[in-house]
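Protein chains in written order, with our numbering: chain A, 1 to 111; chain B, 1 to 112.
For each residue, glycine too, the CB sits at the ideal point set by N, CA and C.
In this text, all values refer to a predicted model and were calculated from it rather than measured experimentally.
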Amino acid sequence: KAGVTQTPRYLIKTRGQQVTLSCSPISGHRSVSWYQQTPGQGLQFLFEYFSETQRNKGNFPGRFSGRQFSNSRSEMNVSTLELGDSALYLCASSTVTGELFFGEGSRLTVL
Amino acid sequence: GEDVEQSLFLSVREGDSSVINCTYTDSSSTYLYWYKQEPGAGLQLLTYIFSNMDMKQDQRLTVLLNKKDKHLSLRIADTQTGDSAIYFCAESKTGTASKLTFGTGTRLQVTL
């Protein structure tokens, strides 16, 4: 069974640009969550989508948004990038029991 | 508020047992988890415990939960060099199983 796939794995952007990250969950998983990992703030929850609807949201500004498609694939978007948005963005899909399975992440560098 | 704390670093010799500790503040936590992160990789779920349990064993891993003191520990028996990684504890509440609050992470270094 294929794991959670995140693309791209690495990307470099400049301040003010926007970025879209993609996540394909494990087949059969309908919930997708996104986390931001930075050395200073650690791992922080961004949002969760289930059946194309945002079910939970963390404490991030509106520049961070996401969506989920009918095939459960999810994207997250960050607009007007700031230097502090440089991070590893992790996607996780989960079973009905709530176990999270993480992808390897997309490492974003903002210059 | 929610806060999950861990010590930053632990060094053990190969073959010894490792004990990684975690404290949390939110008494409404339902599930408590241990994740492992190797360099350049995502998070791997190692084990989890429901808040009404006080111990769970899974091969080399033993999780102890002291709900009164809000203290969680992970014991790794016969620690191997492949266990070198960062270990995160995390907690979730009923109805928000995908919204985890993570600890700061403990870097485990296994020496020969």
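message: I need the DSSP call for B/D54, collapsed to helix, strand or coil.
response: coil
- prompt: A/G66 by DSSP, collapsed to three states: which one?
  reply: strand
query: In its own chain, which residues sit with a C-beta less than 8 Å from the C-beta of A/G16, not counting the 5 before and 5 after it?
result: T80 and L81
- request: Rank B/L112, B/V110, B/T111 and B/T106 by C-alpha distance to the C-alpha of A/L43 and give the top, closest one.
  value: B/T106
query: In the structure shown, what three-state DSSP assignment does A/G105 receive?
result: coil
Counted within 10 angstroms of its Cβ, other Cβ atoms place B/V110 as buried (16 or more) or exposed: buried
- prompt: Just how far apart, CA to CA, sit A/A92 and A/Q68?
  reply: 13 Å
field: Cβ neighbour criterion (16 or more within 10 Å) applied to B/K36
entry: buried
- prompt: Can you name, in chain order, every residue of its own chain whose Cβ lies under 8 Å from the Cβ of A/E52, other than the five neighbours on each side?
  reply: R67, Q68, F69 and S70
field: Neighbouring residues, chain B, relative to A/E48 (Cβ below 7 Å)
entry: S98 and K99
message: Does B/L65 pass the burial test, meaning 16 or more other C-beta atoms within 10 Å, or should it be called exposed?
response: buried
- prompt: For A/F102, which residues in chain B fall below 7 Å Cβ to Cβ?
  reply: G42 and L43
- prompt: Shortest alpha-carbon distance to A/T109 belongs to which of A/S27, A/T38 and A/I12?
  reply: A/I12
message: Please report the straight-line C-alpha distance between B/E38 and B/L45, rounded to a whole angstrom.
response: 12 Å
message: For A/T5 and A/F101, what's the separation of their Cα atoms in angstroms?
response: 11 Å
- prompt: Residues of chain B with a CB under 7 Å from the CB of A/S31: which are they?
  reply: S98
Own chain, CB closer than 6 Å to A/S24, minus 5 neighbours either side, in chain order: T5 and R73
task: Can you say whether B/G103 is buried or exposed, counting buried as having 16 or more other CB atoms within 10 angstroms of its CB?
output: buried
message: Within 9 Å of any Cβ in chain A, is that where the Cβ of B/G1 sits?
response: With a pLDDT of only 48 at B/G1, under the threshold of 50, the placement of this residue in the model should not be trusted, and no figure is reported.
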